[in-house]
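Encoded as structure tokens, the structure appears first; notes follow it.
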Amino acid sequence: LFTVGNVCSRFLTGYASDILSKVLSRTTMMNGALFTQLVSFLLLIWVNSGSEQFYWPALVNGLAFGAPWTLVPSIEASWYSMGDFARIHGVMMLSCVFGVFVVNDGLSRAVQSICQVTALNKHAFNLLWTVLAALCAVSLLVGYRWTGRASHSPTKLR
Numbered sequence: 020l021f022t023v024g025n026v027c028s029r030f031l032t033g034y035a036s037d038i039l040s041k042v043l044s045r046t047t048m049m050n051g052a053l054f055t056q057l058v059s060f061l062l063l064i065w066v067n068s069g070s071e072q073f074y075w076p077a078l079v080n081g082l083a084f085g086a087p088w089t090l091v092p093s094i095e096a097s098w099y100s101m102g103d104f105a106r107i108h109g110v111m112m113l114s115c116v117f118g119v120f121v122v123n124d125g126l127s128r129a130v131q132s133i134c135q136v137t138a139l140n141k142h143a144f145n146l147l148w149t150v151l152a153a154l155c156a157v158s159l160l161v162g163y164r165w166t167g168r169a170s171h172s173p174t175k176l177r
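Everything in the sequence shown is counted per the working numbering, starting at 20 for the first residue and increasing by one.
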């Protein structure tokens, strides 16, 4: 269900962001997706992984995960202009690869290692989701701090 939510979100977010951008900034929409992902991680920790209740937080997490893939290019274009878009978006995608392989994979391996050593195998996913929820919370605080600035545009990278 995570994958279904992820794919649906990429289509729906692009369409909805064009409509909602009249009343909300895309940065605010990004913060909303991050908040939704935080809540879904907390729900994943709370529900029993063998129950039917487990599937809904997984779907919601997928919906929240897919949103930034559509929102980020629009935010980059509005911040930096289309003249620098390819260079900046390339760096952004490189950082995504870094995040997926180093942070996410490294975090998963570390949690598995800790749980095997301490005989907490059944709690491995809860520990992983707790760490990811904490990272979401920190990112959300940074995102809201950023959104609260007078100007949403960072300085150009020239």
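For each residue, glycine too, the CB sits at the ideal point set by N, CA and C.
Where does residue i fall in DSSP's three states?
| i | result |
| --- | --- |
| L20 | coil |
| S100 | coil |
| V66 | coil |
| S158 | helix |
| V58 | helix |
| H171 | Because H171 carries a pLDDT of 47, less than 50, the predicted location of this residue cannot be relied on, and no value is offered for it. |
| V42 | coil |
Please state if the CB of residue j and the CB of residue i are separated by a distance shorter than 7 angstroms.
| i | j | result |
| --- | --- | --- |
| M48 | S36 | yes |
| L151 | F60 | yes |
| A143 | C134 | yes |
| R45 | S93 | yes |
Residues in the same chain with beta-carbon distance under 6 angstroms from residue i, minus the five sequence neighbours each way, listed in chain order, please.
| i | result |
| --- | --- |
| L147 | V130 |
| N145 | I64 |
| S100 | none |
| T89 | R29, T32 and G33 |
| G24 | L78, G81 and L82 |
Once the 5 residues before and after residue i are set aside, which same chain residues still bring their CB inside 8 angstroms of it?
| i | result |
| --- | --- |
| F21 | A77, L78, N80, G81 and F84 |
| L39 | M48 |
| L126 | L147, V150 and L151 |
| S158 | L53 |
Only counting the same chain, and skipping five residues up and downstream in sequence, which positions put a Cβ closer than 7 angstroms to that of residue i?
| i | result |
| --- | --- |
| F104 | E95 and A96 |
| V161 | none |
| P87 | M49 and A52 |
| T149 | I64 |
Does the beta carbon of residue i come closer than 7 angstroms to any beta carbon on chain C?
| i | result |
| --- | --- |
| K41 | Among the protein chains of the structure shown there is no chain C, as only one such chain exists. |
When you compare the stretch 23 to 37 with the stretch 117 to 131, are there three or more beta-carbon pairs, one atom per stretch, that lie closer than 8 angstroms? The stretch 23 to 37, when compared against the stretch 117 to 131, does not touch it at the 8 angstroms Cβ threshold.
Meets three-Cβ-pair contact criterion under 8 angstroms: the stretch 49 to 67 and the stretch 97 to 117: They do not touch, by the three-pair rule.
Which full runs of the alpha helix (DSSP H) of 4+ residues lie inside the stretch 73 to 138, going along the chain? Within the stretch 73 to 138, complete alpha helix (DSSP H) segments of at least 4 residues are found at 74 to 99, 104 to 117 and 124 to 136, given in chain order.
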